[in-house]
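K.L.:
Below is a structure I'd like to ask you about.
In this note's numbering, the protein residues as written are 7 to 303.
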């Protein structure tokens with residue numbers, strides 16, 4: 007009986023110790039203290055009840071402290087975690103921004119993260135520009151020659167416009183529209199082929215990155231080819247249209263001529279019928295004249 011009691015007591019003590027170490031993360035608190043992070047043990051206990059992992063909060067605070075990022079509190083991290091944010095990504099983004107001398111605070115980083123953007127990638131793109139490939143754009147010069155241009159747009163992320171700013175699709179659409187407009191203004195396709203930089207300069211000067219999440223650094227024409235002679239095709243189409251109109255009018259005149267011919271035939275037959283009717287009366291008239299002895303009077 008006594009032995010069973012001690013066994014139960016031992017198991018209970020072990021279970022209580024495990025539960026205590028889970029609810030009260032003493033080792034994690036000691037790690038935080040030695041890492042220079044000031045956080046209360048009671049606060050870490052209450053995190054458990056709020057369903058916030060204390061390890062994630064402490065690790066984020068340690069990472070920020072070691073990187074020299076100041077002003078971040080455990081309450082801010084808890085709030086962002088409960089809002090379904092990505093703490094590690096935010097802290098890493100702040101570290102990259104700090105090392106690159108970008109002016110971005112915790113509030114801005116969390117706003118970008120909660121907006122659905124990859125905040126770490128956004129900061130990296132604002133530091134290291136990257137290239138957006140624009141699909142082949144077809145434009146027509148003043149003389150009617152089609153040109154097919156392929157462009158490369160070098161951009162970097164604009165931190166201030168990431169929340170609410172347009173994405174890559176808008177950049178591609180605007181650049182394509184600008185290239186079409188620039189080619190359309192060219193008096194000759196030869197001018198574009200000999201100096202494609204003129205298109206780049208004109209498009210770049212139109213402020214195409216306004217309202218987007220990117221800043222356009224350069225627009226380069228990677229390739230430009232001659233397409234169809236749109237002017238000649240339009241002239242051929244116009245000539246075919248004129249020919250069809252002429253054929254239609256000729257057919258109309260032929261139909262009118264045939265109708266007139268048929269009308270004249272009908273009139274001729276009508277006149278012949280009248281003549282025949284009158285000829286029928288001649289024998290009767292001659293006979294009457296003989297009877298009345300008036301033939302030669």
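We put the CB at the ideal spot given by N, CA and C, even for glycine.
Treat the numbers as computed from the prediction; the structure is a model and nothing was measured.
#1: Which whole-angstrom value is the C-beta distance of residue 71 and residue 91, which I expect to be below 8 Å?
#2: Could you check how far apart the C-beta atoms of residue 145 and residue 185 are, in whole angstroms? I think they sit under 8 Å.
#3: Three or more C-beta pairs closer than 8 Å, one from the segment 143-163 and one from the segment 107-122: is that the case here?
#4: For a minimum of 3 consecutive residues, which ranges assigned as the beta strand (DSSP E) are wholly contained in the segment 29-101?
#5: One question on the structure: do residue 165 and residue 138 come within less than 7 Å of each other, judged by their Cβ atoms?
#6: Are the CB atoms of residue 205 and residue 232 nearer to each other than 7 Å?
#7: Let's test the definition: count the other Cβ atoms within 10 Å of the Cβ of residue 84 and tell me whether it reaches 16, buried, or not, exposed.
#8: Taking 6 Å as the cut-off, is the CB of residue 132 close to at least one heavy atom of the ligand COA?
#9: Tell me which residue opens and which closes the beta strand (DSSP E) that residue 180 is part of.
#10: How would you call residue 60, buried or exposed, if buried means at least 16 neighbouring beta carbons within 10 angstroms?
#11: Residue 55 to residue 128, Cα distance in whole Å?
#12: What residues are listed by DSSP as bridge partners for residue 263?
#13: From this set, 173, 253 and 210, which residue's C-alpha is nearest residue 188's C-alpha?
#14: State buried or exposed for residue 7, treating a residue as buried only when at least 16 other CB atoms are found within 10 Å of its CB.
#15: If we call anything under 7 Å between Cβ atoms a contact, is residue 43 one with residue 68?
#16: Do you know how far the Cα of residue 261 is from the Cα of residue 277?
#17: How long is the line joining the alpha carbons of residue 108 and residue 207, rounded to whole angstroms?
#18: Pick out whichever of 224, 172, 65 and 220 has its Cα sitting closest to the Cα of residue 41.
#19: Can you list, in chain order, the residues of its chain with a C-beta nearer than 6 Å to that of residue 168? Leave out the 5 residues immediately preceding and following it.
#20: Output the distance between the C-alpha atoms of residue 198 and residue 215, rounded to the nearest integer angstrom.
#21: Hey, how far is the Cα of residue 256 from the Cα of residue 268?
#22: Using three-state DSSP, classify residue 350 as helix, strand or coil.
#23: Would you give the residue range spanned by the alpha helix (DSSP H) that residue 116 belongs to?
#24: Who pairs with residue 305 in a beta bridge, going by DSSP?
#25: Our contact map puts residue 133 next to residue 181 with C-beta atoms below 8 Å; I'd like the distance itself, whole angstroms only.
#26: Alpha carbon to alpha carbon, what distance is there between residue 162 and residue 223?
P.N.:
Walking through what the data contain:
#1: What you label residue 71 is simply residue 65 of the chain shown in a count that begins at 1. What you label residue 91 is simply residue 85 of the chain shown in a count that begins at 1. That pair is no contact at about 19 Å.
#2: Here residue 145 refers to the residue found at position 139 when the chain shown is read from its first residue. Here residue 185 refers to the residue found at position 179 when the chain shown is read from its first residue. That pair is a contact at about 6 Å.
#3: no
#4: none
#5: Looking up residue 165 in the chain shown gives position 159. Looking up residue 138 in the chain shown gives position 132. Not closer than 7 Å, so no.
#6: Reading the chain shown from its first residue, position 199 is the one you call residue 205. Reading the chain shown from its first residue, position 226 is the one you call residue 232. No, the Cβ-Cβ distance between residue 205 and residue 232 is not below 7 Å.
#7: Walking along the chain shown from the start, residue 84 turns up at place 78. When all chains shown are included, residue 84 counts as buried.
#8: This structure lacks the ligand COA; in fact it carries no ligand of any kind.
#9: Taking the chain shown and counting its residues from 1, the one referred to as residue 180 is at position 174. First-last for residue 180: 174-191, but that is the alpha helix (DSSP H), not the beta strand (DSSP E).
#10: Sequence index remark: in the chain shown, residue 60 carries index 54 (1-based). Counting Cβ neighbours within 10 Å, residue 60 comes out buried, since at least 16 surround it.
#11: Here the question's residue 55 lines up with position 49 in the chain shown. Here the question's residue 128 lines up with position 122 in the chain shown. Whole-angstrom Cα-Cα distance: 34 Å.
#12: Counting from one through the chain shown, the residue named residue 263 turns up at place 257. Residue 263 pairs with nothing; no bridge assigned.
#13: Reading the chain shown from its first residue, position 182 is the one you call residue 188. Residue 188 has its Cα closest to that of 210, out of 173, 253 and 210.
#14: In the chain shown, the residue the question calls residue 7 occupies position 1. A caution first: residue 7 carries a pLDDT of 48, below 50, which makes its placement in the model too unreliable to give a value.
#15: Residue 43 sits at position 37 when you count from the first residue of the chain shown. Residue 68 sits at position 62 when you count from the first residue of the chain shown. Their beta carbons are under 7 Å apart, which means residue 43 touches residue 68 by this criterion.
#16: In the chain shown, the residue the question calls residue 277 occupies position 271. In the chain shown, the residue the question calls residue 261 occupies position 255. Between residue 277 and residue 261, the C-alpha separation is close to 24 Å.
#17: Indexing the chain shown from 1 puts residue 108 at position 102. Indexing the chain shown from 1 puts residue 207 at position 201. Their Cα atoms are separated by approximately 28 Å.
#18: Position 35 of the chain shown, counting from 1, holds the residue named residue 41. Residue 41 has its Cα closest to that of 65, out of 224, 172, 65 and 220.
#19: The residue given as residue 168 occupies position 162 in the chain shown. If we look at residue 168 and ignore the five residues flanking it on each side, its Cβ neighbours are 118, 123, 128 and 219.
#20: Numbered from its first residue, the chain shown carries residue 198 at position 192. Numbered from its first residue, the chain shown carries residue 215 at position 209. In a straight line, the C-alpha of residue 198 is about 24 Å away from that of residue 215.
#21: In the chain shown, counting from the first residue as 1, residue 256 sits at position 250. In the chain shown, counting from the first residue as 1, residue 268 sits at position 262. Between residue 256 and residue 268, the C-alpha separation is close to 18 Å.
#22: What is shown of the chain runs 7 to 303, which leaves residue 350 out entirely.
#23: In the chain shown, residue 116 corresponds to position 110, counting from 1. Element bounds for residue 116: 112-120.
#24: No information on residue 305 is available, as it lies outside the stretch 7 to 303 that the chain covers here.
#25: Numbered from its first residue, the chain shown carries residue 133 at position 127. Numbered from its first residue, the chain shown carries residue 181 at position 175. About 23 Å; that fails the 8 Å criterion.
#26: If you number the chain shown from 1, residue 223 lands on position 217. If you number the chain shown from 1, residue 162 lands on position 156. Cα to Cα, the separation comes out at about 7 Å.
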